[in-house]
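Undergrad: Below: one structure in structure tokens.
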Amino acid sequence: MDFHKVSDLCGMCAIASFFFQRILKGKNIEINCRYSWDETGCGHVYNEYHGIVIDLTATQFGSEHSVHMQPMEDYIEWLGVPLGGKIRKRINWVDGQSPRKKVIDKLVKLYYSES
6 MDFHKVSDLC GMCAIASFFF QRILKGKNIE INCRYSWDET GCGHVYNEYH GIVIDLTATQ
66 FGSEHSVHMQ PMEDYIEWLG VPLGGKIRKR INWVDGQSPR KKVIDKLVKL YYSES
């Protein structure tokens with residue numbers, strides 16, 4: 006599956022979340038990347054700022070909003086993943102989905118070149 010051509014950003018949660026974190030860090034705003042998982046080991050990455058989830062890829066779970074924002078406790082219930090929410094600095098994701106520094110660096114460079 007080519008995750009980079011899916012209209013709802015399915016499979017791009019880690020890259021989108023770490024990219025968003027890096028852009029905000031450049032503006033002196035600290036935001037967390039959190040990783041949640043279900044009992045099968047499937048996971049999802051999203052951002053959290055002072056107890057509010059900011060999920061850039063929640064459309065893959067049926068969110069009507071392109072940016073899904075919700076208090077953390079309500080979000081975990083909505084997502085249906087009661088075990089997760091760990092703050093992560095790095096995540097080793099499958100090929101094409103990994104938020105490797107090289108990938109995020111390229112996205113940041115592209116972002117600022119188009120600003």
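Count along the sequence shown starting at 1, add 5, and that's the number in our numbering.
Even glycine gets a Cβ: it sits at the ideal position worked out from N, Cα and C.
Here the structure is a predicted model, which is why all the values come from computation and not from measurement.
Start and end of the beta strand (DSSP E) containing glutamate 53?
TA: Where glutamate 53 is concerned, the enclosing beta strand (DSSP E) stretches over 48-54.
Undergrad: For phenylalanine 23, collect the residues of the same chain with a Cβ closer than 7 angstroms to its Cβ; drop the 5 residues on either side in sequence, then sort them by chain order.
TA: So the qualifying residues of the chain are Cys38, Pro104 and Ile109.
Undergrad: Buried or exposed, going by whether 16 or more other CB atoms sit within 10 Å of the CB of histidine 73?
TA: Histidine 73 comes out buried.
Undergrad: Taking the alpha carbon of valine 113 as the point to measure from, which residue in Arg93, Arg27 and Glu82 has its own alpha carbon closest?
TA: Among Arg93, Arg27 and Glu82, the Cα nearest to that of valine 113 belongs to Arg27.
Undergrad: Run through the DSSP bridge pairs and tell me what glutamine 65 is partnered with.
TA: Glutamine 65 pairs with nothing; no bridge assigned.
Undergrad: My assumption, with CB atoms under 8 angstroms, is that glycine 48 sits in contact with methionine 77. Please give the rounded CB distance.
TA: In fact, because the Cβ distance is near 16 angstroms, the residues do not count as touching under 8 angstroms.
Undergrad: Identify which residue in Asp13, Glu53, Lys94 and Phe25 has its Cα closest to the Cα of tyrosine 117.
TA: Minimum Cα distance to tyrosine 117 is reached at Phe25.
Undergrad: Compare the C-alpha of isoleucine 36 against each of Cys18, Leu115, Glu119 and Lys94 and name the closest.
TA: With distances taken between Cα atoms, isoleucine 36 lies closest to Lys94.
Undergrad: Can you tell me which of the three DSSP states arginine 27 falls into?
TA: In the structure shown, arginine 27 sits in a helix (DSSP, three-state: H, G or I).
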